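Below is one structure; the comments refer to it alone.
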Amino acid sequence: MTYQHLGRERRRLTATVEDLEVPRQRAFLVGVRLGRNSFLEVEQSLEELALLTDTAGSEPVDREVFNRSAPDPGLFIGKGQAASVADITKAEDIDVVVFDNALTPAQQRNLQALFECDVVDREAVILDIFAQHATSREGALQVELALLRYRLPRLRGTGEELSQQAGGIGTRGPGETRLESDRRRIRQRITSLEKDLSALRRQNRTRRHSRVQAAIPIIALVGYTNAGKSTLLNQLTGAGVLTEDRLFTTLDPTIRRLRLPGGREMLLADTVGFVRRLPHRLVEAFQSTLEEVRDADLILHVVNAADSDPEGQITAVREVLAEIGADSVPTIIVVNKIDEASPTAVRRLVGAGETAVGVSALTGEGTEQLMETLIRWLNSRSSTISVRVPYDRGDALAALHRTGEVLSSNGGPDGMDLVVRLPPDQVIRFSAFMSEETGGQASDTTTPP
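In this text, residue positions in the sequence shown follow our numbering: the first is 6, and each later residue adds one.
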């Protein structure tokens, strides 16, 4: 084949690919101010919905906020309000109307009939994003379970099939090529997924138990989505985890080893980001993942200081932590993006009366202070012991270095004399090497973090 033929073939294939590209849905966003909600709160939530919609693959082209004392049972919004939205959807060729509020199946069906286009709510958008980003088997199972629980009561209005090949928000699902409108079969699939996830949960608990037995502290990174958790993980450990300026880049927990100055180690676990009103069924489905947070020794709560409402994000994260039973885990606030935020915002967040450190996960600024804070936290939960380890017990010597912080060491005729700071639950492990000669009495250290 000549170069001319190759050129024509390449242009033909390029044109074919361009023809196959699916245009982004045009989305119209609807927010509803109910009861005592402030207009600012509704606007902030709607702004976040726009980001979620964009991440899901649709283009927000317009929005509207309505006032209601209470939701309408049939349409959520009033008939006149719904009629005005219907006029907009037809005039602006809208493909999907996205409500920032949860819709009942009946409300969704009624609105779709009136608007003559797709209608989804905030939960459907978040589920759609999770469906796109789940990569591991466990993540895919968790998302599919949440999707099926969401779709089951809505089968009546979605036609005879739900296919992975459809192109809009709320139609994707990992591992599923077709969902028939047979409730019994879908319930069977839900039961099967719950069993598979239960088995994975047991495996995860076994792995966590092994990490606990190794006496390495486990630190969970939590925070609002896009707060910079994965970037901080990379900065501290060189993990090389994918980071994007997008919502919900991380769904599956990533665990990396962090070596502190002095040689002590801890495990950092990056977890899924949270948002306001995170769907409860997602919290239920992601129990296995979120147990990493609940069972952690310490939480690093990463806050985006450059956000317009960081305090609101802090509250949203704490609500989820309370829901999963992790609100009693010791927490350090990591005020991130200090290179982008105003100094006033940073001072306000760092000085909020809690243990807080300002950092830039991108540039590394402040990470040394964060390391020092982690060392003080480790010291606050440590006991100091004196031991003598025979020279032929290199395994015990290595375990002491790995498990604790060796403060001093001296070689003697019978072995190495060491002063070591250890977690209290590890002292008994090395009690055989403690003696009166070495002054082996353990002493508690209570320095606050």
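We put the CB at the ideal spot given by N, CA and C, even for glycine.
This one's a predicted model, so the numbers in the text were calculated from it and none came from an experiment.
- In this structure, Ser50 places its C-beta atom within 8 Å of the C-beta atom of Arg281.
- Taking Ala151 as reference, the option from Ile131, Ser141, Thr140 and Asp105 with the minimal CA-CA separation is Ile131.
- Counting C-beta atoms within 10 angstroms of its own C-beta, Phe120 has 16 or more neighbours from the protein chains shown and is therefore classed as buried.
- For Asn72, the enclosing beta strand (DSSP E) begins and ends at Ser63 to Arg73.
- Note on geometry: alpha-carbon atoms of Thr408 and Val432 lie some 10 Å from one another.
- Distances from the alpha-carbon of Ile191 to those of Leu153, Leu205, Val227 and Ser203 put Leu153 closest.
- Counting along the chain, Leu263 sits inside the beta strand (DSSP E) bounded by residues Thr259 to Arg264.
- In the DSSP annotation of this structure, the continuous segment of the beta strand (DSSP E) that includes Val124 starts and ends at Asp123 to Asp126.
- In this chain, Ile223 is not harboured by any alpha helix (DSSP H); it is covered by the beta strand (DSSP E) spanning Ile223 to Gly228.
- With respect to the 8 Å criterion, Leu283 and Val334 are not classified as neighbours on the basis of their beta carbons.
- Counting every other CB atom within 10 Å of its CB across the protein chains shown gives Pro158 a total below 16, marking it as exposed.
- Phe291 sits away from Val307, with the two beta carbons spaced by 8 Å or more.
- Under the three-state reduction of DSSP, Ser347 is assigned to coil, being neither helix nor strand.
- The Cβ-Cβ distance between Arg73 and Val35 does not fall below 8 Å.
- Comparing alpha-carbon positions, the option among Val70, Phe33, Glu53 and Gly369 lying closest to Phe44 turns out to be Val70.
- Residue nearest to Leu412 within the set Val425, Gly85, Phe279 and Val66 is Val425 (criterion: CA-CA distance).
- In the DSSP assignment, Ser391 falls within the beta strand (DSSP E) that extends over Ser388 to Val394.
- Secondary structure note for Asp422: it is in no alpha helix (DSSP H), and the uninterrupted beta strand (DSSP E) holding it is Met421 to Leu427.
- In this structure, Ile224 lies near Ala301, with their beta-carbon atoms less than 8 Å apart.
- Approximately 7 Å separates the beta-carbon atoms of Ala107 and Arg127; this is inside 8 Å, confirming the contact.
- Spatial neighbours of Asp312 in its own chain (CB-CB distance under 7 Å, excluding positions within 5 residues in sequence) are listed in chain order as Gln318.
- For Asn115, the enclosing alpha helix (DSSP H) covers residues Pro110 to Phe120.
- Under the DSSP assignment, Gln30 falls in the beta strand (DSSP E) whose first and last residues are Gln30 to Leu39.
- According to the DSSP secondary-structure assignment, Leu305 is paired through a beta bridge with Leu226 and Ile337.
- Scanning Arg393, Glu296, Arg29 and Val340 for the CA closest to the CA of Ile329 turns up Glu296.
- Distance check between Asp419 and each of Ile99, Asp397 and Leu202 places Asp397 closest, using alpha-carbon atoms only.
- One Cα belongs to Gln137, the other to Ala61, and the distance between them is close to 8 Å.
- No Cβ-Cβ contact shorter than 8 Å links Asn384 with Ala366.
- For Gly371, the CB contacts under 7 Å within the same chain, skipping 5 residues up- and downstream, are Ile343, Val362, Gly363, Val364 and Ser365 in chain order.
- Taken atom to atom, the span from the alpha-carbon of Arg352 to that of Leu263 is near 28 Å.
- The straight-line gap separating the alpha-carbon atoms of Glu199 and Ala321 is approximately 27 Å.
- In this structure Leu273 is in contact with Thr242, their Cβ atoms being roughly 6 Å apart against a cut-off of 8 Å.
- Cα atoms of Leu354 and Arg194: separation of roughly 46 Å, rounded to the nearest angstrom.
- Under DSSP, Phe81 forms a beta bridge with Asp77.
- The continuous stretches of alpha helix (DSSP H) do not include Val102, which lies in the beta strand (DSSP E) extending over residues Val101 to Phe104.
- In the structure shown, Val411 adopts extended strand secondary structure according to DSSP, grouped into three states.
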